[in-house]
Amino acid sequence: MKFSILLIFLLAFIFHSQPIIAQTTSSTYDSILLGKNDKVGKLVKTRGINMYYETYGQGEPLLIIHGNGGSINNFVNQVPYFSKSYKVILADSRAQGKSADAKDSLSYEMMTDDLNA
């Protein structure tokens, strides 16, 4: 019984200690560091902060939002696909990536309002 429990914990540790990396194909975006592309990156003043964003492609707008603690450079594998049919808009949320923060408070409601502005 103790051996089984020890084996389960050992296997769980092994599987969680290895990073999981998806296979990707080479594309023109591989060399672009999203979030650091001076050719397409812009700052816009919204609700008292400077918000950083980049756009790629043409067509109907598609806003892609990163998760908490992330930044637009998380989407290097999605941009090549979606930019073929859409104008992809990637924005760093308040206090994430290159976007500033007013440093008084932070909430998901504030970040949502920033993107609506």
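Numbering (our numbering), first residue to last: 66 to 182. Heads up, the beta-carbon is just placed ideally off N, CA and C, and yes, glycines get one too. All of these numbers come straight from a predicted model, not from anything done at the bench.
Do residue i and residue j have their CB atoms nearer than 7 angstroms?
i, j, result
"residue 99", "residue 141", "yes"
"residue 118", "residue 148", "no"
Would you mind working out which of the options sits nearest residue i, comparing C-alpha positions?
i, options, result
"residue 113", "102, 126, 159", "159"
"residue 180", "124, 108, 145", "108"
"residue 177", "111, 70, 103, 102", "111"
"residue 167", "105, 70, 116", "116"
Using a Cβ-Cβ cutoff of less than 7 angstroms, which residues in the same chain neighbour residue i once the five nearest sequence positions on both sides are dropped?
i, result
"residue 136", "100, 157, 161, 162"
"residue 124", "150, 151, 152"
"residue 155", "99, 118, 119, 129, 137, 140"
"residue 143", "129"
Would you mind reading off the limits of the alpha helix (DSSP H) that contains residue i?
i, result
"residue 181", "173-181"
Following the continuous beta strand (DSSP E) through residue i, name the residue where it begins and the one where it ends.
i, result
"residue 109", "106-111"
"residue 144", "No beta strand (DSSP E) contains residue 144, which is instead part of the alpha helix (DSSP H) from 144-147."
"residue 127", "125-130"
"residue 153", "151-156"
"residue 115", "114-121"
Looking only at its own chain, which residues have a Cβ that is under 8 angstroms from the Cβ of residue i, when we skip the five neighbours before and after it?
i, result
"residue 73", "none"
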